[in-house]
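Student: To start, I am sharing the structure in question, which I have written as structure tokens.
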């Protein structure tokens, strides 16, 4: 993956206050809609204003309702100020599976677009849609402003249905103070994590519930192969690594000092800096000099009756100044190479020497298999 080439300035926009670029659930059991109502499994659109079209955009909960600051409310305000339309966010508890299940049941998804789609989301939707049709439409980039500035390495859908909106890298976040107490330095490799020096040292989000954990699982498959990754996970457990319900639970336990390292995001220091945290507690570790590319994209649902408005939203989201603001509010890397960000942001977002990423073809037909194998051997313990 190329070194990012976005522009930097003395200062832009509001500071991000969310710990990591995270498409993770916030732990609520209801489905969040931005008009303040609680949506139900019928998927009925809420917040429609007569005479003004409503664009309903699915996303993950922390994009609109994080414990601190999220970009969702700001995006809604800015978009509505420029377009004769209402923007309604929708964060179903099941994420993209909610829409896949409705399509398989022959029920309308009642949503126009999804923002925050990962490669594995797209692959699982394609692998599991019973009709054989796609959940999403291809987008003509000739209609999308600034599309020629999309970072090529962030594009993952060979059918052109998903356009990048942000990125980060899966990495370790570690507490140097706690490691100093152990008399050890930072773990440098996967093998370090299963050594005596790092016993009871690692917190991992459950791959069954967490994109972070799932992509860490992919990373271990890349490192040890399909014949060896389960043995490695067993060694992790034998060395005291703990698997927690999701990213929020794992990061929360790490923040409480329950272990000196957690699987999280390489953008963590942006959050730490803006919250005034001790930076020694937010060090970034790239195992073997690697990081797994965490990619998010936007995709338009097939069957929407507002295809042009959906394209207008994608164009809005990819404008350089919008990308810069979202990057800071969501603690993520921008998806375009002309976003204008402060030098400090670049200083706080290190990149690995080597980027690991499974492309669409590598993931296709394998995601559910790998996760099922992991669940039978690891989660059952």
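Numbering (the working numbering), first residue to last: 480 to 860. All C-beta atoms, glycine included, are put in the ideal place defined by N, C-alpha and C. Treat the numbers as computed from the prediction; the structure is a model and nothing was measured.
#1: Inspect the beta-carbon positions of residue 747 and residue 652 and report whether they are closer than 9 Å.
#2: Please check the pair residue 567 and residue 534, which I expect to be a contact at CB under 8 Å, by giving their CB distance rounded to whole angstroms.
#3: Decide if residue 686 is buried, meaning its Cβ has at least 16 other Cβ atoms within 10 Å, or exposed.
#4: For the 8 Å Cβ check, are there 3 or more pairs between the segment 850–858 and the segment 660–674?
#5: Quick one: what does DSSP say residue 744 is sitting in, helix, strand or coil?
#6: Shortest alpha-carbon distance to residue 692 belongs to which of 674, 781, 808, 712?
#7: Rounded to a whole number of angstroms, what is the C-alpha to C-alpha distance between residue 500 and residue 792?
#8: So what's residue 856 in DSSP terms, helix, strand or just coil?
#9: In this structure, how does DSSP classify residue 848 when only helix, strand and coil are distinguished?
#10: Between the Cα of residue 532 and those of 700, 562, 779, spot the shortest distance and give me the residue it belongs to.
#11: According to DSSP, simplified to helix, strand and coil, what is residue 538?
#12: If you drop the 5 nearest sequence neighbours on each side, which residues of the same chain put their C-beta closer than 6 Å to that of residue 676?
#13: Taking one C-beta from the segment 835–848 and one from the segment 763–774 each time, how about it: are there three or more such pairs within less than 8 Å?
#14: Spell out the partners DSSP gives residue 608 in its beta bridges.
#15: According to the neighbour-count rule (16 or more other Cβ atoms, all chains shown, within 10 Å of its Cβ), is residue 640 buried or exposed?
#16: Which ranges would you report for the beta strand (DSSP E) in the segment 549–584 if only whole runs of at least 3 residues count?
#17: So the alpha helix (DSSP H) residue 758 belongs to, where does it begin and stop?
#18: Determine the burial state of residue 554: buried for a count of at least 16 other Cβ atoms within 10 Å of its Cβ, exposed for fewer.
#19: What is the rounded straight-line gap between the Cα of residue 598 and the Cα of residue 721?
#20: For residue 798, collect the residues of the same chain with a Cβ closer than 7 Å to its Cβ; drop the 5 residues on either side in sequence, then sort them by chain order.
#21: Among residues of its own chain, excluding the 5 on either side of residue 724, which ones have a beta-carbon nearer than 7 Å to its beta-carbon?
#22: Going by DSSP, what residue range makes up the beta strand (DSSP E) through residue 650?
#23: For residue 615, which three-state DSSP category applies?
#24: Less than 8 Å between C-beta atoms, sequence neighbours within five positions excluded: which residues of the same chain meet that for residue 606?
Tutor: Taking the geometry as given:
#1: yes
#2: 7 Å
#3: buried
#4: no
#5: strand
#6: 712
#7: Interpretation of residue 500 is limited by its pLDDT of 47, a score under 50 that renders its predicted location unreliable; no figure is taken from the coordinates.
#8: helix
#9: helix
#10: 562
#11: coil
#12: 663
#13: yes
#14: According to DSSP, residue 608 bridges with nothing at all.
#15: buried
#16: 565–570
#17: Here residue 758 belongs to no alpha helix (DSSP H), and DSSP marks it neither H nor E.
#18: buried
#19: 26 Å
#20: 624, 625
#21: 685, 688
#22: 641–653
#23: strand
#24: 843, 844, 846, 847
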